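Okay, so the sequence shown: first residue is 606 according to the numbering used here, each after it adds one. Quick reminder that beta carbons are idealized off the backbone N, C-alpha and C, glycines included. Being a predicted model, the structure only gives us computed values, none of them experimental. Before any comments, here is the structure.
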Amino acid sequence: MNVSFAGFGENIATFETAAAIPAGTPVKMSANGTVAACAAGDAFIGIAVSQRGDFVGVQLKGYRNAAVTGSVPVGWAQLVADGTGGVKAAGEDAAGVNVLVVSAGTAEIGMIL
Numbered sequence: 606m607n608v609s610f611a612g613f614g615e616n617i618a619t620f621e622t623a624a625a626i627p628a629g630t631p632v633k634m635s636a637n638g639t640v641a642a643c644a645a646g647d648a649f650i651g652i653a654v655s656q657r658g659d660f661v662g663v664q665l666k667g668y669r670n671a672a673v674t675g676s677v678p679v680g681w682a683q684l685v686a687d688g689t690g691g692v693k694a695a696g697e698d699a700a701g702v703n704v705l706v707v708s709a710g711t712a713e714i715g716m717i718l
């Protein structure tokens with residue numbers, strides 16, 4: 606890809622967490638002000654970008670690369686967590702997160718949350 610979307614519309618908020626969450630992992634709300642790593646099929650609120658102790662930075666908006674399972678075409682897509690730290694297509698019966706996929710590969714996608 607000959608263009609860069611890095612930094613576009615980035616919005617990161619700090620949440621509490623009860624467990625380690627590796628950077629790049631989709632997260633969901635688990636309690637008031639608290640997030641947890643998503644299980645397979647979960648709709649995610651954002652992607653973890655950093656952790657310090659019991660606090661994790663979560664990217665809620667903007668351009669983000671993510672590991673992907675299966676095929677996700679460019680354009681608008683409904684995505685869910687794949688349960689292994691990445692995302693996948695939601696499928697017809699799942700309620701996913703609507704994102705704009707701007708680059709699609711076999712191991713990683715670029716998306717705008």
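Check your understanding: Could you give the distance in angstroms between the alpha-carbon of V692 and the alpha-carbon of V673?
Key -> 5 Å
Review point. Between the Cα of P631 and the Cα atoms of A625, I650 and G710, which residue gives the shortest distance?
Key: I650
Check your understanding: Quick one: complete beta strand (DSSP E) runs, 3+ long, within the stretch 640-670?
Key -> 651-657 and 660-666
Check your understanding: Among all the DSSP beta bridges, which residues are the ones paired with G680?
Key -> Checking the DSSP bridge columns, you'll see G680 partnered with V706.
Point to revise | Secondary structure of P627, DSSP reduced to three states | key: coil
Point to revise | Whole-number beta carbon distance between P678 and A709, since they are thought to touch under 8 Å | key: 6 Å
Exercise for review: Could you tell me the distance, in whole angstroms, from the CA atom of S676 to the CA atom of A682?
Suggested key: A straight-line Cα-Cα distance of about 11 Å links S676 and A682.
Practice item. Kindly list the residues whose CB is nearer than 8 Å to the CB of V663, restricted to its own chain and excluding five residues on each side of it in sequence; keep chain order. Key: Only I617, A618, T619, F620, V632, V640, I650, G651, I652, A653 and V654 meet the Cβ criterion.
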